[in-house]
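Taking it in order: structure first as structure tokens, then the write-up.
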Amino acid sequence: MATDTRVAGIPARSAVLSTTDPLTPIWHPSPNFGARRDGRKPSLIVLHYTAMDSASAALERLCDPGPEVSAHYLIGSEGTLWQLVREADRAWHAGAGEWHGQTDINSRSIGIELDNRGDHPFAEPQMQRLEQLLRELMQRWTIAPDGVIGHSDMAPGRKADPGPRFDWQRLEQQGLAAPRGTAIQTDIDFRTLAQSRGYSATVDDETLLKTTRLRYRPWANGPLHPDDFKALGTTRNPT
Ligand SMILES: [Zn+2]
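For the sequence shown, numbering that gives the first Met the number 0 begins at 0 and goes up steadily by one.
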């Protein structure tokens with residue numbers, strides 16, 4: 000039964016999402032989780048898109064014991080925030096891969112799924128909710144901006160989400176992801192440079208370039224370009 004929750008004298012909540020109120024996710028528990036191995040705490044946040052038609056379809060899949068997948072959070076296109084797994088627990092979102100030489104990313108991370116098929120822009124209320132959630136998580140678990148990564152970053156050649164339409168620069172400008180480089184380093188080979196940024200998984204040169212471009216130069220084509228070095232380079236001009 001629908002209940003009219005309006006109370007005289009209290010203005011209706013603005014349709015614009017608040018960025019200061021603490022988040023109150025909708026608890027929608029998934030059975031797909033375990034304990035973080037070796038007592039690890041989250042030091043990374045991994046962003047995904049669902050590649051599904053709706054948030055409700057994604058919720059169903061992320062809570063289905065069959066496929067054995069989950070995430071800590073799901074954000075709908077209208078900014079609705081669901082929590083499926085407690086932050087202290089190990090959700091099953093990352094799979095095989097590595098970052099900065101570290102494996103078992105599930106034990107080291109919090110996974111956030113964004114309701115998006117992968118072939119269209121991310122909605123504004125969804126991005127705002129994500130930014131608010133990132134601020135809270137980064138503060139709660141003392142996670143630095145360079146700990147916020149895409150699924151594609153840690154699973155090169157295997158995963159492409161959150162994909163070329165995700166606005167990383169928007170997060171970078173707010174200190175919610177590591178800033179891209181502004182100076183071209185010429186005294187280093189591309190693989191060593193990429194490894195210094197975290198891309199440590201063993202992949203061929205083409206896959207490595209494709210993976211870094213997904214994050215930094217999503218519509219770039221062709222061979223290795225000075226701008227590929229620049230994106231991964233230092234953020235200060237050498238003096
Ligand atoms: Zn993913």
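All C-beta atoms in this analysis are idealised placements derived from N, C-alpha and C, irrespective of residue type, glycine included.
On the three-state DSSP scale, how would you describe residue i?
| i | result |
| --- | --- |
| residue 71 | coil |
| residue 139 | helix |
| residue 27 | coil |
| residue 82 | strand |
| residue 150 | helix |
| residue 265 | Residue 265 falls outside the range modelled here, since the chain spans only 0 to 238, and no answer is possible. |
| residue 106 | helix |
| residue 215 | helix |
| residue 122 | coil |
| residue 98 | strand |
| residue 43 | strand |
| residue 180 | coil |
| residue 221 | coil |
| residue 160 | coil |
| residue 3 | Note that residue 3 scores 46 on pLDDT, short of 50, meaning its location in the model is unreliable; the coordinates nonetheless yield the value given after this. Of the three classes helix, strand and coil, the one that applies to residue 3 here is coil, per DSSP. |
Does the beta-carbon distance from residue i to residue j come in below 8 Å?
| i | j | result |
| --- | --- | --- |
| residue 108 | residue 93 | yes |
| residue 207 | residue 190 | yes |
| residue 48 | residue 146 | no |
| residue 44 | residue 81 | no |
| residue 226 | residue 211 | no |
| residue 157 | residue 96 | yes |
| residue 101 | residue 130 | no |
| residue 70 | residue 135 | no |
| residue 128 | residue 78 | yes |
| residue 58 | residue 73 | yes |
| residue 50 | residue 160 | yes |
| residue 60 | residue 121 | no |
| residue 197 | residue 148 | yes |
| residue 89 | residue 38 | no |
| residue 140 | residue 41 | yes |
Could you give the distance in angstroms between the alpha-carbon of residue i and the alpha-carbon of residue j?
| i | j | result |
| --- | --- | --- |
| residue 232 | residue 184 | 6 Å |
| residue 28 | residue 84 | 6 Å |
| residue 65 | residue 187 | 46 Å |
| residue 123 | residue 75 | 11 Å |
| residue 36 | residue 106 | 6 Å |
| residue 201 | residue 195 | 14 Å |
| residue 176 | residue 99 | 16 Å |
| residue 22 | residue 216 | 32 Å |
| residue 234 | residue 181 | 5 Å |
| residue 229 | residue 205 | 18 Å |
| residue 119 | residue 68 | 23 Å |
Looking at chain B, is there any beta carbon in it that lies within less than 8 Å of the beta carbon of residue i?
| i | result |
| --- | --- |
| residue 148 | Included in the structure is just one protein chain, with no chain B present. |
query: Where the beta carbon is closer than 6 Å to any heavy atom of ligand 1, which residues qualify, in chain order?
result: 47, 150, 158, 160
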